[in-house]
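Using the numbering used here, the first residue of the sequence shown is number 227, and each one after it goes up by one. The beta carbon of each residue, even a glycine, is placed where N, CA and C say it ideally should be.
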Amino acid sequence: MPDSTQSKSVAPKHRINVEHRAPTDGVGARPPSKLYEPLDVAKNEVRLLHVHPAGYNAPICCHLSIGSLDDTLGYEALSYVWGSTRERNTITCGGESTGVGTNLFQALRSLRPADGEPDRVLWIDALCINQEDLAEKSTQVALMGVIYSKARRCVAYLGEDWDGCDAAFNAIEQLGSSAKHLFDHPRRDEHGNFHGRRVDSVGLESEELFKDVLKILNAPWITRIWTVQEALLPRGTIFCYGRKSLPRSTLYRMLTFSSRRADDCCSHDGTMKGEKVVRFRTAVSTWQNLQTGNVRYRAQRGWDRIPRDQAGSCLIYLARYRHRDASDPRDKVYAVLSIGDEEWTKLNPPDYSLPIAEVFTRAALADAYVMHRLDFLSWRGATLVPSLPSWVPDWSVQDEESTRTRYTRQIRQKYNACGSYDCCSIRVIHDALGTQLSASGIVIDEISECSTPVDKQACLANPELFRAPFMQIRHLSRVDLNPNEPYGLFSTSTQTAYERILVCGLNLRELAGHRKDTVGLTWASELFENWEASYNHGLSVNFMAGLPVRELNDVFTESVLTRSFVRTKRSGFFGWAPLASRPGDFIVIFKGGRVPFVLRPMLDGRYEFVGDADIESLMEGTLFTFENVADGEEIDEWKEQLDAAFEEIIMV
Numbered sequence: 227m228p229d230s231t232q233s234k235s236v237a238p239k240h241r242i243n244v245e246h247r248a249p250t251d252g253v254g255a256r257p258p259s260k261l262y263e264p265l266d267v268a269k270n271e272v273r274l275l276h277v278h279p280a281g282y283n284a285p286i287c288c289h290l291s292i293g294s295l296d297d298t299l300g301y302e303a304l305s306y307v308w309g310s311t312r313e314r315n316t317i318t319c320g321g322e323s324t325g326v327g328t329n330l331f332q333a334l335r336s337l338r339p340a341d342g343e344p345d346r347v348l349w350i351d352a353l354c355i356n357q358e359d360l361a362e363k364s365t366q367v368a369l370m371g372v373i374y375s376k377a378r379r380c381v382a383y384l385g386e387d388w389d390g391c392d393a394a395f396n397a398i399e400q401l402g403s404s405a406k407h408l409f410d411h412p413r414r415d416e417h418g419n420f421h422g423r424r425v426d427s428v429g430l431e432s433e434e435l436f437k438d439v440l441k442i443l444n445a446p447w448i449t450r451i452w453t454v455q456e457a458l459l460p461r462g463t464i465f466c467y468g469r470k471s472l473p474r475s476t477l478y479r480m481l482t483f484s485s486r487r488a489d490d491c492c493s494h495d496g497t498m499k500g501e502k503v504v505r506f507r508t509a510v511s512t513w514q515n516l517q518t519g520n521v522r523y524r525a526q527r528g529w530d531r532i533p534r535d536q537a538g539s540c541l542i543y544l545a546r547y548r549h550r551d552a553s554d555p556r557d558k559v560y561a562v563l564s565i566g567d568e569e570w571t572k573l574n575p576p577d578y579s580l581p582i583a584e585v586f587t588r589a590a591l592a593d594a595y596v597m598h599r600l601d602f603l604s605w606r607g608a609t610l611v612p613s614l615p616s617w618v619p620d621w622s623v624q625d626e627e628s629t630r631t632r633y634t635r636q637i638r639q640k641y642n643a644c645g646s647y648d649c650c651s652i653r654v655i656h657d658a659l660g661t662q663l664s665a666s667g668i669v670i671d672e673i674s675e676c677s678t679p680v681d682k683q684a685c686l687a688n689p690e691l692f693r694a695p696f697m698q699i700r701h702l703s704r705v706d707l708n709p710n711e712p713y714g715l716f717s718t719s720t721q722t723a724y725e726r727i728l729v730c731g732l733n734l735r736e737l738a739g740h741r742k743d744t745v746g747l748t749w750a751s752e753l754f755e756n757w758e759a760s761y762n763h764g765l766s767v768n769f770m771a772g773l774p775v776r777e778l779n780d781v782f783t784e785s786v787l788t789r790s791f792v793r794t795k796r797s798g799f800f801g802w803a804p805l806a807s808r809p810g811d812f813i814v815i816f817k818g819g820r821v822p823f824v825l826r827p828m829l830d831g832r833y834e835f836v837g838d839a840d841i842e843s844l845m846e847g848t849l850f851t852f853e854n855v856a857d858g859e860e861i862d863e864w865k866e867q868l869d870a871a872f873e874e875i876i877m878v
């Protein structure tokens with residue numbers, strides 16, 4: 227196990243050793259129920275539920291069997307929302323009366339075979355796992371990725387059917403078909419001109435049908451954290467409402483069509499307008515977030531810009547799906563282990579006897595050990611868990627979209643503030659202050675000035691209010707004093723540094739790399755000058771068509787509303803830092819740190835973690851490269867000086 231007195235810069239071969247505490251709810255392992263025979267963990271054994279055939283209203287009867295995942299079992303895996311388990315419905319399992327929640331009872335009643343048909347063999351977590359045995363529950367949850375991957379198919383039960391269910395399913399089936407006749411009729415604009423094609427004969431202009439289609443798309447199933455792996459891992463999936471079913475391929479084709487046509491077709495021809503388009507687009511985007519959720523699979527095929535070495539990190543899935551619902555906050559971590567790198571599960575196996583804070587702490591450390599980076603620090607924000615260390619992300623809190631956008635930018639722009647020191651060296655410390663993280667880093671400078679926080683709602687309501695923070699940022703950068711003066715320790719001019727950091731290093735030339743004409747050689751600086759004037763002086767500027775003005779606005783406004791612009795004391799570095807930053811905080815770069823971080827010194831020499839930062843000229847590892855060193859001997863000397871500059875930094 228990782229030792230609290232030795233540094234670890236590689237993934238350990240054991241589980242993470244974080245201080246063990248007793249379960250907070252007082253529930254431990256209980257004697258096995260008569261319903262459950264013990265499972266052999268070494269054989270990867272699981273239980274399967276055999277649902278007996280009967281009529282719809284007949285009592286539900288079933289029995290359990292035991293099989294090994296090493297064999298071909300030929301079962302279906304049920305995916306559903308547990309819902310409230312306070313209302314218990316009685317079924318007979320193995321001759322015993324057993325209580326199940328209403329949602330499961332409805333699913334069993336709808337999915338069981340008719341009289342004369344063979345038993346339907348299902349894996350259902352609520353019945354196939356002894357939920358009263360925490361040890362078994364932890365072991366079986368760790369196998370759930372394998373269980374769903376090896377299932378013949380997944381049956382996603384969305385709920386009971388209703389009067390409009392058949393018509394809604396038929397509409398989705400039509401939209402998900404490959405029939406081109408649905409788009410045969412061009413739409414006419416307000417001037418009488420025909421453009422594009424429109425949906426024909428589906429009927430979504432009907433308010434009732436539209437509501438019924440939305441009811442399917444907004445099923446509670448799509449909001450739950452566990453349904454992520456249950457949707458991504460199986461070889462095939464059918465979605466069921468009552469006895470009505472729809473294959474995954476049909477639903478996904480409908481989603482693909484809808485995302486392309488909701489704006490350029492349906493909103494123009496009267497099928498959907500205004501609020502209806504927004505509601506429909508929101509529902510579709512939630513499903514597409516799941517549809518494209520296998521980041522590792524997509525990265526391996528070059529479909530996403532996320533580097534392959536990052537795609538195996540569970541951190542991406544923790545962040546992508548943290549907004550989903552879970553009755554137990556620990557499931558925010560455990561539910562995504564199976565879709566990341568298997569090293570994650572080895573280091574951080576499900577254990578429901580652990581407190582929430584410890585589960586989140588282990589998840590953070592697992593990311594450091596597997597990826598050898600400190601990327602998880604960028605996700606630390608607000609917390610609802612009082613005992614959580616300042617450096618551990620609280621995955622039970624809904625993050626702001628700006629956090630996701632900022633982290634995505636860090637990955638895509640290949641930030642690497644630590645340069646060649648890209649493998650983190652950490653150790654865990656336990657004492658009266660709790661679980662602390664020791665990492666090797668360099669204190670770059672101290673924050674001396676911070677911008678004044680803005681009124682977010684007021685600025686969004688009145689864009690002219692952005693002028694004041696814009697002027698304050700110019701003042702903090704000192705760009706008006708001498709724009710040609712070298713910035714910080716580098717040869718870059720203050721003007722260039724200011725232009726870059728204002729839009730977080732957004733490369734304007736890349737945004738319009740398709741421009742080959744002479745104008746394209748100078749358009750970037752002219753665009754920035756005009757764009758800045760539109761904010762700084764309130765000028766109305768007519769921008770040339772095709773210029774990335776929206777991208778500039780999005781990055782700048784996001785930064786002003788969610789970050790603080792800071793300047794450092796000694797070197798005069800400037801950039802964006804957390805809103806909570808204040809004078810006296812330190813800018814630190816860690817080994818394995820993709821970006822600089824802001825830390826607050828404590829009286830005992832330790833630090834409170836504040837958040838990540840975007841400091842101009844520190845993002846690409848410029849301080850730790852040897853490009854400007856003349857020869858090998860000087861490189862060795864410079865490297866020795868850098869090695870000596872790193873120190874142990876302890877965060878509480």
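L274 and V326 do not touch by the CB rule: their CB atoms are close to 16 Å apart, not below 8 Å. Counting only the Cα atoms, D620 lies some 34 Å from A870. Note on geometry: alpha-carbon atoms of N708 and T720 lie some 8 Å from one another. Around the C-beta of K572, 16 or more other C-beta atoms lie within 10 Å, and the residue is accordingly described as buried. Using a Cβ distance threshold of 8 Å, F791 and E842 do not count as a contacting pair. For T661, the secondary structure class from DSSP, reduced to helix, strand or coil, is strand. For R700, the enclosing alpha helix (DSSP H) stretches over residues 693-703. Under DSSP, N315 takes part in a beta bridge, and its partners are V326. In this structure, S484 sits near V510, with a CB-CB distance shorter than 8 Å. Rounded to whole angstroms, the separation of the alpha carbons of Q636 and R808 is 23 Å. Annotated as proximal: L304 and I350, with beta-carbon spacing under 8 Å. Scanning F465, G660, Q867 for the CA closest to the CA of E584 turns up G660. Apart from the 5 residues on each side of it in sequence, L702 sits with its Cβ closer than 7 Å to the Cβ of E675, S677, F791, R793, F800 in its chain, given in chain order.
By the CB criterion at 8 Å, A839 and P822 fall inside the cutoff. For F586, the enclosing alpha helix (DSSP H) covers residues 582-597. As the crow flies, the alpha-carbon of A333 is around 21 Å from that of K376. Taking a contact as a CB-CB distance under 8 Å, the pair E777 and L728 does not count as one, their CB atoms being some 13 Å apart. Put simply, the stretch 444-451 does not touch the stretch 392-403. Fewer than three CB pairs are less than 8 Å apart. Under the rule that a run must span 3 or more residues, the beta strand (DSSP E) segments found entirely inside the stretch 362-401 read 379-385. The beta carbon of W570 sits closer than 7 Å to those of C540, L563, A592, V596, all from its chain and outside the five residues before and after it, given in chain order. By the CB criterion at 8 Å, L360 and S579 fall inside the cutoff.
Annotated as distal: V267 and G293, with beta-carbon spacing of 8 Å or more. In the same chain as Q662, and ignoring 5 residues on each side of it, the C-beta atoms closer than 8 Å to its own belong to P615, V654, I655, H656, R832, I876, M877, V878, in chain order. Between S646 and F850, the beta carbon gap of about 6 Å places them in contact (Cβ cut-off 8 Å).
According to the DSSP assignment, K795 belongs to no beta strand (DSSP E), since it is labelled neither H nor E. Where R346 is concerned, the enclosing beta strand (DSSP E) starts and stops at 346-349. Secondary structure at C676: strand, using DSSP grouped into helix, strand and coil.
Counted as a single uninterrupted DSSP element, the stretch harbouring V559 is not any beta strand (DSSP E) but the alpha helix (DSSP H) occupying residues 557-560.
Taking I448 as reference, the option from A382, P689, G402 with the minimal CA-CA separation is A382. Residue burial is scored here from C-beta neighbours: K502 has at least 16 other C-beta atoms within 10 angstroms and is therefore classed as buried. Around the beta-carbon of E434, fewer than 16 other beta-carbon atoms lie within 10 Å, marking it exposed. For Y282, no alpha helix (DSSP H) segment is defined, and its DSSP state is neither H nor E.
Residues of the same chain with a CB within less than 8 Å of the CB of S323, apart from the 5 flanking positions on each side, are T316, I317 in chain order. A residue is called buried once 16 or more other Cβ atoms fall within 10 Å of its Cβ, and E456 is buried on that count. The bridge partners DSSP lists for Y467 are G385, K470. For Y306, there is no enclosing alpha helix (DSSP H), since its DSSP letter is neither H nor E.
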